[in-house]
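Peer 1:
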Amino acid sequence: MKLTRLAVTALRIVLVVAFLLLLLFQVMSIPGQFAHMAQENPDGAHLQWPLTIFFILEVACVQVVIVGTWKLLTLVKNDRIFSRGAFVWVDAIVWAIAAGWTMLAALSAVVVLNADDPGVPLLLFLVLVAGAALGLVVVVLRALLRQAADLRADMEAVI
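Quick note on the working numbering: the sequence shown kicks off at 3 and runs consecutively.
1) To the nearest angstrom, how far is it from the Cα of H48 to the Cα of T54?
2) Q50 and F21 look like a contact to me (Cβ under 8 Å); what is the Cβ gap, rounded to whole Å?
3) Between the Cα of A94 and those of D81, L125, A111, V69, spot the shortest distance and give me the residue it belongs to.
4) CA-CA distance, V61 and P44?
5) Contact check, L74 vs R14 under 8 Å by CB: the rounded distance?
6) Measure the C-alpha to C-alpha separation of T11 and Q41 and round it to an integer number of angstroms.
7) By Cβ distance below 8 Å, which residues in the same chain neighbour L77 in space, the five residues on each side in sequence not counted?
8) Is D118 helix, strand or coil when you go by DSSP?
9) If we ignore side chains and look at the alpha-carbon of each, how far apart do G137 and V131 end up?
10) Near A150, which residues of its chain fall below 6 Å by C-beta distance, leaving aside the five closest residues on each side in sequence?
11) Please state the DSSP three-state secondary structure of I161.
12) For a test of the three-state rule: what should DSSP assign to D167, helix, strand or coil?
13) L128: which of A145, R144, A107, D118 sits nearest, CA to CA?
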């Protein structure tokens, strides 16, 4: 139990740092990067706001996953992870991954149709495959959580 408490605390520290870095990235780096891009390349300036909004939304999806993970950690800490309340947060994580993946797939389609070099499309395809794998793993883990919650409820009913 002590190892679990230590792991939960360490993960919470990592989640706070990641969330704050993503927030900084969302507020300063992304808008600044695309403003600079528009200044340096006036031909692509029309992409400044669509790309800024796209990447801010992608980061927001990651932030939803972080918040959902934090809430699940709270349930683990309180020994309530096998309750029905956990499914709300797991579903939020699944939907955030699905939304981020869908937006990235749409962007990838546009990039692939306009690409001269196969490097970027292959990299995007690799990220899409990794995102799909992550989403599917979370769906499988959700099914395992449901089975464990049902078993726990059955055991509590017997006892």
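Note that beta-carbon positions come from the ideal geometry of N, C-alpha and C, so glycine has one too.
Peer 2: Walking through what the data contain:
1) 11 Å
2) So it is not a contact: roughly 26 Å between Cβ atoms.
3) Residue V69 holds the alpha-carbon nearest to the alpha-carbon of A94 among D81, L125, A111, V69.
4) 26 Å
5) Going by Cβ atoms, the distance from L74 to R14 rounds to 11 Å, so no, they are not a contact pair.
6) In this structure, the alpha-carbon of T11 lies about 44 Å from that of Q41.
7) Correct list, in chain order: I83, S85, G87, A88, W91.
8) coil
9) 10 Å
10) F84
11) coil
12) This structure leaves residue 167 out entirely; the chain is present only between 3 and 161.
13) A107
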